[in-house]
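Undergrad: Read top to bottom, the protein sequences are chains F and H.
The opening position of the first sequence corresponds to residue 33 in our numbering, with each subsequent residue numbered one higher.
The opening position of the second sequence corresponds to residue 33 in our numbering, with each subsequent residue numbered one higher.
Number of protein chains: 2
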Amino acid sequence: MPTITETPSPARARAPRRDAAENRTALIEAAIRVLNRDIDGSLETIAAEAGLTRRAVYGHFATRDDLVREVLTQGAARIGASILPIQHTDARIEIALYGATLWLQVQHASVTAEFAVRGPHMRLVAEALEPARAKLRATVRRGVRDGVLRRDIAPDRLARLIEGVALDVLTEATHDGLDDRAGHALVMVAALSVAGLGWREANELVAATPELAYRVASASGTASVVNDGGSDSGGSDGGAADDTTIEEPTR
Amino acid sequence: MPTITETPSPARARAPRRDAAENRTALIEAAIRVLNRDIDGSLETIAAEAGLTRRAVYGHFATRDDLVREVLTQGAARIGASILPIQHTDARIEIALYGATLWLQVQHASVTAEFAVRGPHMRLVAEALEPARAKLRATVRRGVRDGVLRRDIAPDRLARLIEGVALDVLTEATHDGLDDRAGHALVMVAALSVAGLGWREANELVAATPELAYRVASASGTASVVNDGGSDSGGSDGGAADDTTIEEPTR
DNA sequence: ACTAACTTGCACACGAGTGTGCACAATCGT
DNA sequence: ACGATTGTGCACACTCGTGTGCAAGTTAGT
């Protein structure tokens with residue numbers, strides 16, 4: 033590997049080159065990682081991240097845009113597929129599930145969301161994401177109608193704000209390393225808070241609803257509930273935060 | 033104006049050229065507007081927006097980077113200057129004020145915030161913004177200690193989330209046209225929600241606190257309270273939202 | 001072992017942006 | 001009205017990233 037910026041992060045000790053299609057997916061994943069930290073990273077960078085040369089990329093994708101488009105549509109599809117099946121009589125729980133589900137897609141969700149608001153792909157992504165958004169809007173409207181969600185913000189706007197915080201949490205996660213457990217809990221509670229619940233209310237709801245319990249993501253499909261110990265692992269950030277003692281889970 | 037991409041938006045009928053320094057500030061403002069909608073808009077675009085030629089920019093700034101840096105430091109300074117003086121015995125009110133204050137700086141805040149998380153200026157902006165952030169963190173810690181804010185999220189993290197929603201609202205504003213009143217109310221309530229208050233609680237607090245009332249921004253300094261009529265101006269978004277009737281102010 | 005598939009290494013053409021130089025026009029200040 | 005300041009119109013050099021072409025390796029599969 034000559035001109036290549038060298039391989040910064042992970043795997044690279046393995047076989048320098050493998051089979052055909054594997055590299056394609058490797059490229060996509062590399063793109064996700066790279067674009068996740070720099071929305072307009074170069075092909076060079078992406079290729080390097082995948083352990084390939086820029087030139088080799090053109091053996092899989094005709095255009096940089098094709099790669100990106102692939103990442104985006106794939107991501108949007110994935111998100112849609114995971115969001116749409118959500119359903120529950122209680123709109124609040126659906127919202128929590130919405131958050132939790134997004135959490136499972138952090139990587140995809142982040143890039144996709146980013147492209148949903150800037151660049152030439154906005155329309156593409158927006159369209160691909162529309163069904164999921166529509167569902168959230170519907171859920172919020174229902175919640176408002178049922179009187180379980182706040183009434184001081186127009187439902188559609190509220191839906192966008194909920195989407196906003198959820199993404200904020202995902203961002204917080206990638207920047208400040210939230211572990212899976214914590215992230216899962218945080219998105220839900222944050223979403224519910226914006227939806228209008230007080231913090232105790234939100235936590236009670238989450239605690240009282242088995243569907244919202246943290247599940248370890250296993251290979252495919254199956255997921256198992258993890259029992260919620262009452263451990264209190266202290267402050268996370270490096271500040272001089274020695275005051276408050278958190279009672280509920282330290283998210 | 034030849035090669036120039038033509039003058040897209042506003043003023044251009046006025047005197048084609050004026051005095052010296054005026055153009056400098058015109059450029060900065062133009063940059064703010066342009067960068068606000070495209071984080072890496074070209075000098076060409078910025079110059080055009082200011083009614084000048086790209087070439088002319090170099091008469092004021094040695095480098096594109098210099099212009100950006102100017103915008104950024106100026107923005108950060110402005111934000112800091114407006115945030116730091118905030119103070120109130122009730123941490124919740126300080127948080128609401130924090131939101132309201134940011135709202136007054138939408139333009140600046142948006143660009144600045146954007147640059148605070150991407151690009152080579154991250155550090156610069158982060159540093160310039162640090163005091164304001166520190167203040168918010170302190171406020172949140174105090175609020176938690178006083179038992180008026182949520183205890184389920186570590187204070188520093190909570191502070192970042194509050195910053196997050198606030199910016200989300202600003203974004204919502206620039207994308208979906210929130211009028212001044214609505215924006216003012218929305219940032220405060222959104223911030224308080226994330227801080228842990230239930231929506232009714234948040235609204236009551238805002239309604240009961242004169243300092244949080246909407247004030248018309250006048251030329252310099254002076255601001256006047258505006259009485260809160262009970263008008264209900266219907267749905268904002270173009271969807272088929274004909275269901276819920278909002279009681280409190282339609283934000 | 002041998003072929004077909006895949007990669008690598010340059011080289012080159014392009015386009016978009018930035019930064020500069022210089023002659024010429026417009027304008028402000030006085 | 002005049003001169004210094006400031007903006008305009010090119011022209012040019014340079015960088016960075018994309019997209020292609022082609023010859024020469026490297027590897028997977030049989």
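We treat Cβ as the ideally placed atom computed from N, Cα and C, and that holds for glycine.
Note that this is a predicted model, so its numbers are computed, not measured.
Reducing DSSP to helix, strand and coil, say where residue 70 of chain H ends up.
TA: Residue state, collapsed to three classes: coil.
Undergrad: Could you check whether the Cβ of residue 207 of chain H sits closer than 9 Å to any Cβ belonging to chain F?
TA: So, interface residue.
Undergrad: Quick one: is residue 152 of chain F buried, meaning 16 or more other Cβ sit within 10 Å of its Cβ, or exposed?
TA: Burial call: exposed.
Undergrad: Among H:120, H:61, H:230 and H:221, whose alpha-carbon lies nearest the alpha-carbon of residue 140 of chain H?
TA: If we check each option's Cα against that of residue 140 of chain H, H:61 comes out closest.
Undergrad: Are any of the Cβ atoms in chain H nearer than 9 Å to that of residue 57 of chain F?
TA: Answer no: the Cβ-Cβ gap between residue 57 of chain F and chain H never drops below 9 Å.
Undergrad: Would you call residue 166 of chain H buried or exposed, if buried means 16 or more other Cβ atoms sit within 10 Å of its Cβ?
TA: Answer is exposed; the Cβ neighbour count stays below 16.
Undergrad: Please look up how many angstroms separate the CB atoms of residue 86 of chain H and residue 79 of chain H, rounded, as I've assumed it's under 8 Å.
TA: About 5 Å separates the two Cβ atoms, so the contact holds.
Undergrad: Relative to the C-alpha of residue 83 of chain H, which candidate in H:63, H:71, H:97 and H:93 has its C-alpha closest?
TA: Of the candidates H:63, H:71, H:97 and H:93, the one whose C-alpha sits nearest the C-alpha of residue 83 of chain H is H:63.
Undergrad: Which residues in chain H sit within 7 Å of residue 222 of chain F, going by Cβ to Cβ distance?
TA: In chain order: 193 and 226.
Undergrad: Any C-beta of chain F sitting closer than 9 Å to the C-beta of residue 203 of chain H?
TA: At least one chain F Cβ lies under 9 Å of residue 203 of chain H.
Undergrad: Between residue 227 of chain F and residue 179 of chain F, is the Cβ-Cβ spacing less than 9 Å?
TA: For residue 227 of chain F and residue 179 of chain F, no; Cβs fall outside 9 Å.
Undergrad: Between the segment 61-73 of chain H and chain F, which residues of the former have CB atoms less than 9 Å from a CB of the latter, in chain order?
TA: Listed by position, the residues of the segment 61-73 of chain H near chain F (Cβ gap below 9 Å) are 70, 71 and 72.
Undergrad: At a Cβ threshold of 9 Å, is residue 260 of chain H touching chain F?
TA: Because the pLDDT at residue 260 of chain H is just 48, under 50, the model does not fix this residue reliably, and the value given afterwards should be weighed accordingly. Chain F contact via Cβ: absent.
Undergrad: Taking C-beta pairs closer than 7 Å, name the residues in chain H that residue 182 of chain F reaches, listed in chain order.
TA: Within chain H, the residues near residue 182 of chain F are 231.
Undergrad: Taking the beta carbon of residue 260 of chain F as the centre, do at least 16 other beta carbons fall within 10 Å, making it buried, or is it exposed?
TA: Note on residue 260 of chain F: pLDDT 48, under 50, position unreliable in the model; the coordinate value appears next. It is exposed - the Cβ of residue 260 of chain F has fewer than 16 other Cβ atoms within 10 Å.
Undergrad: My output table needs one value for residue 261 of chain F: the three-state DSSP class, helix, strand or coil.
TA: Note on residue 261 of chain F: pLDDT 42, under 50, position unreliable in the model; no value is reported.
Undergrad: What is the DSSP secondary structure of residue 219 of chain H, counted as helix, strand or coil?
TA: Helix at residue 219 of chain H.
Undergrad: Listing by chain order, which chain F residues have their CB less than 9 Å from the CB of residue 247 of chain H?
TA: What residue 247 of chain H touches in chain F: nothing, since even the nearest Cβ is about 20 Å away.
Undergrad: Determine, using beta carbons only, whether residue 157 of chain F comes closer than 9 Å to chain H.
TA: Not closer than 9 Å to any Cβ of chain H, the Cβ of residue 157 of chain F fails to qualify, so no.
Undergrad: Is the CB of residue 215 of chain H under 9 Å away from at least one CB in chain F?
TA: Chain F, which has no Cβ nearer than 9 Å to the Cβ of residue 215 of chain H, makes this no.
Undergrad: Enumerate in chain order the residues of its own chain whose CB-to-CB distance from residue 181 of chain F is below 6 Å, with the five nearest sequence positions on each side excluded.
TA: Taken in chain order, the residues that qualify are 175, 227 and 228.
Undergrad: Any contact of the segment 212-219 of chain F with the segment 119-127 of chain F, i.e. 3+ C-beta pairs under 8 Å?
TA: Taking 8 Å as the limit for Cβ pairs, the verdict is that the segment 119-127 of chain F does not touch the segment 212-219 of chain F.
Undergrad: Nearest CA to the CA of residue 106 of chain F: which residue from F:145, F:94, F:135 and F:211?
TA: When only C-alpha atoms are compared, the closest one is F:145.
Undergrad: Would you say the segment 184-202 of chain F touches the segment 196-214 of chain H, given that touching needs at least three Cβ pairs under 8 Å?
TA: Yes: the two stretches touch, three or more of their Cβ pairs being nearer than 8 Å.
Undergrad: Could you name the residues of chain H that residue 125 of chain F contacts, counting a contact when the two beta carbons are closer than 9 Å?
TA: None at all; the shortest Cβ gap to chain H is about 17 Å.
Undergrad: Checking contacts by CB at 9 Å: is residue 96 of chain H closer than that to chain F?
TA: No - not a single Cβ of chain F is within 9 Å of the one on residue 96 of chain H.
Undergrad: Taking CB distances under 9 Å as the criterion, tell me whether residue 275 of chain H reaches chain F.
TA: Residue placement at residue 275 of chain H is poorly supported in this model, since its pLDDT is 36, which falls under 50; the coordinates are not used for a value here.
Undergrad: Looking at the C-beta of residue 131 of chain F, does it have a partner C-beta in chain H at a distance below 9 Å?
TA: So no, residue 131 of chain F is outside the interface.
Undergrad: Using a Cβ-Cβ distance under 9 Å, would residue 218 of chain H count as near chain F?
TA: Yes, its Cβ sits closer than 9 Å to a Cβ of chain F.
Undergrad: At the level of alpha carbons, what is the spacing between residue 262 of chain H and residue 220 of chain F?
TA: Bear in mind that a pLDDT of 41 at residue 262 of chain H, under 50, signals an unreliable position, so the number given afterwards is only what the model happens to contain. If you take the alpha carbons of residue 262 of chain H and residue 220 of chain F, they lie about 33 Å apart.
Undergrad: Rounded to whole angstroms, how far is the Cβ of residue 65 of chain F from the Cβ of residue 54 of chain F, which I believe are closer than 8 Å?
TA: In fact, because the Cβ distance is near 16 Å, the residues do not count as touching under 8 Å.
Undergrad: Give the DSSP-derived three-state secondary structure of residue 52 of chain H in the structure shown.
TA: Of the three classes helix, strand and coil, the one that applies to residue 52 of chain H here is helix, per DSSP.
Undergrad: Tell me the residue span of the alpha helix (DSSP H) that contains residue 148 of chain F.
TA: From DSSP, residue 148 of chain F is part of no alpha helix (DSSP H); its letter is neither H nor E.
Undergrad: Express the C-alpha separation of residue 147 of chain H and residue 159 of chain H in angstroms, rounding to a whole number.
TA: Their backbone Cα atoms lie some 12 Å apart in a straight line.
Undergrad: Compare the C-alpha of residue 97 of chain F against each of F:210, F:156 and F:241 and name the closest.
TA: With distances taken between Cα atoms, residue 97 of chain F lies closest to F:156.
Undergrad: So that I know if they touch, is there some Cβ in chain F lying closer than 9 Å to that of residue 171 of chain H?
TA: No, no contact with chain F.
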